[in-house]
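Scroll down for the structure; my scribbles are underneath it.
Quick look at the structure:
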């Protein structure tokens, strides 16, 4: 027994040493694929897990990946620079392109009457962020040091919690600094934590500056909901009592009224049918009408009073069914072009797109992913269902081809030089701005060139988050080596202080103007400010104190333009000022 133990001990010792040597090689051999995958996996996993920890009810989310990367870079756990740069740039492209696809469908629609004012306020806040940044730079920093202004740009984007802007600025710096590139992620990391807190804190301060009561704001939203109910589809039964309509066709009545409505069922002489444009009206007929709330009163006054109807008396079974548009050939076709009533004997009463009900007007173009409410005989509804596709499996798979076609076009577009007087080098939208603009255009108009842009929300979020964490991990690892000298031994506290000023001053000014001058609801202002800073934690706080959708509406109204301006101004600042 003793001999066996004496033999086992040396063998165990040798095996243990070999295992340790293997682990050391895996962690220190920086150019191996296994090492690089291990590095990114550890940094991202730790960053995501730490990002879920809440401080005062607020979490930093995946941005903690940046701090995990800085720590890894600081202790020498890194990878070759060319590999880090490639993964950083690829992650940035994927991230901004998926953002563009998400905001594209609503980008141009956000400029309605109210949307113009909100976007103008948002753009003003973005301009103020930049002005405060330059003010702090000239007041507190040595302007003769060429690295100080780039570091302030990093501080700016940490203060406004905008990661794509950091990526755009970082990329633009590559064209200005041929070597000794400033690691602006250090400034970003200094300003980001107080940026998140400052956005929420300054928004709360606006409430007290303007003497706002939250309960009164909720009451105002309730009144506005009543006023704005006219945009929602309204269903009603009416009976024809206007003798003038005797013998008139549905199309003639539609033209007389000059109101958009859909008549989905028609009861005449005890028989129910699906009307079409040539259906004749007779006094006493009973109709099932879907229209906008604002048009209901005029329709009732012109056609006849509302009634209760029993639709059981019919020649054939009548069904209502939600049909999913999944066939790419339907992308971009309007309901009027499809002639569903005349050809198939069915009517479409409403369309649901991205969770919102839209009135089914004849000029509405369909998009893959829409759900349409089809009313008619069961066999006809089945035919329309087959025509639309109605296959959830088709939507489960993201349209990878469209994504990479868009990225190719975006890279080419972003590489086009734009000569601007006074700028030392031609401006390029680059790998951040180019793909973003093309993605917005494809998301909005892709159906016109038969590109199916639909991706499920989960697929979009997954691709977007993967791109973001790859970018943040790469930036953090690259910045980690010089983080201690730049921040702890350098001007770290000054970056924190100036970042806080960049965060709160524009919010206090624009938030007060939005309330005092334009009389916006406070919850809408909260959403607008969160969208201007593209800051989900601020939106989450706004949603937690409001029972209505006003914060989300304000956020989504300004988010697309804000994201575009943040990325564009990042490159303009770097190329115009840092390259001078």
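Numbering (the numbering used here), first residue to last: 98 to 677.
Every residue, glycine too, gets a C-beta built ideally from N, C-alpha and C.
Values in this document were obtained by computation on a predicted structure and should not be read as measured data.
{"Item": "Taking the C-alpha atoms as reference points, what is the distance between residue 620 and residue 648?", "Value": "5 Å"}
{"Item": "List the whole-angstrom C-beta distance separating residue 60 from residue 334, where the pair is believed to meet the contact cut-off of C-beta under 8 Å.", "Value": "For residue 60 there is no data in the structure shown, the boundaries of the chain being 98 and 677."}
{"Item": "Should residue 147 and residue 161 be called a contact, given that it needs their Cβ atoms to be closer than 7 Å?", "Value": "yes"}
{"Item": "Quick one, which of 578, 666, 404 has its alpha-carbon nearest residue 225's?", "Value": "666"}
{"Item": "Could you name the residues that DSSP lists as bridge partners for residue 384?", "Value": "335, 363"}
{"Item": "At which residues does the alpha helix (DSSP H) containing residue 301 begin and terminate?", "Value": "282-306"}
{"Item": "Applying the 10 Å Cβ sphere with the 16-neighbour rule, what's the burial state of residue 672?", "Value": "buried"}
{"Item": "Would you mind giving the Cβ-Cβ distance between residue 252 and residue 599, rounded to the nearest angstrom? I have them listed as a contact below 8 Å.", "Value": "7 Å"}
{"Item": "What's the gap between the Cα of residue 194 and the Cα of residue 337?", "Value": "53 Å"}
{"Item": "Determine the extent of the beta strand (DSSP E) in which residue 469 is found, giving its start and end residues.", "Value": "468-474"}
{"Item": "When you compare only the Cα positions, how much space is there between residue 136 and residue 298?", "Value": "36 Å"}
{"Item": "In three-state DSSP terms, what is residue 465?", "Value": "coil"}
{"Item": "On the premise that residue 149 lies in contact with residue 615, defined as a C-beta separation below 8 Å, what is that separation, rounded to the nearest angstrom?", "Value": "Going by Cβ atoms, the distance from residue 615 to residue 149 rounds to 37 Å, so no, they are not a contact pair."}
{"Item": "Sort 612, 274, 433 by Cα distance to residue 247 and report the nearest one.", "Value": "274"}
{"Item": "Going by CA-CA distance only, name the one from 145, 340, 218, 250 that's closest to residue 593.", "Value": "250"}
{"Item": "Relative to the C-alpha of residue 352, which residue among 317, 501, 375, 528 is closest?", "Value": "375"}
{"Item": "Measure the C-alpha to C-alpha separation of residue 397 and residue 368 and round it to an integer number of angstroms.", "Value": "22 Å"}
{"Item": "Whole angstroms is fine: what's the gap from residue 674's alpha carbon to residue 319's?", "Value": "48 Å"}
{"Item": "So who's on the other strand from residue 419, going by DSSP bridges?", "Value": "470"}
{"Item": "Should residue 343 be labelled buried (16 or more other beta-carbon atoms within 10 Å of its own) or exposed?", "Value": "exposed"}
{"Item": "Measuring only the C-alpha atoms, how far is residue 617 from residue 316?", "Value": "14 Å"}
{"Item": "Tell me, which residues are paired with residue 444 by DSSP?", "Value": "472"}
{"Item": "By Cβ distance, which residues of its chain are closer than 8 Å to residue 462, with the 5 residues on each side in sequence left out?", "Value": "429, 430, 431, 544"}
{"Item": "Relative to the C-alpha of residue 50, which candidate in 470, 668, 382 has its C-alpha closest?", "Value": "A query on residue 50 cannot be resolved here, the shown segment of the chain reaching from 98 to 677 and no further."}
{"Item": "For residue 325, which residues in the same chain have their Cβ closer than 7 Å to its Cβ, ignoring the five residues on either side in sequence?", "Value": "Its pLDDT being 47, under 50, residue 325 is placed unreliably in this model, and the coordinates cannot settle the point."}
{"Item": "Looking at the secondary structure, which residues open and close the beta strand (DSSP E) in which residue 368 lies?", "Value": "368-370"}
{"Item": "Report all residues from its chain with a CB closer than 6 Å to the CB of residue 348; omit the five preceding and five following residues, and keep chain order.", "Value": "374"}
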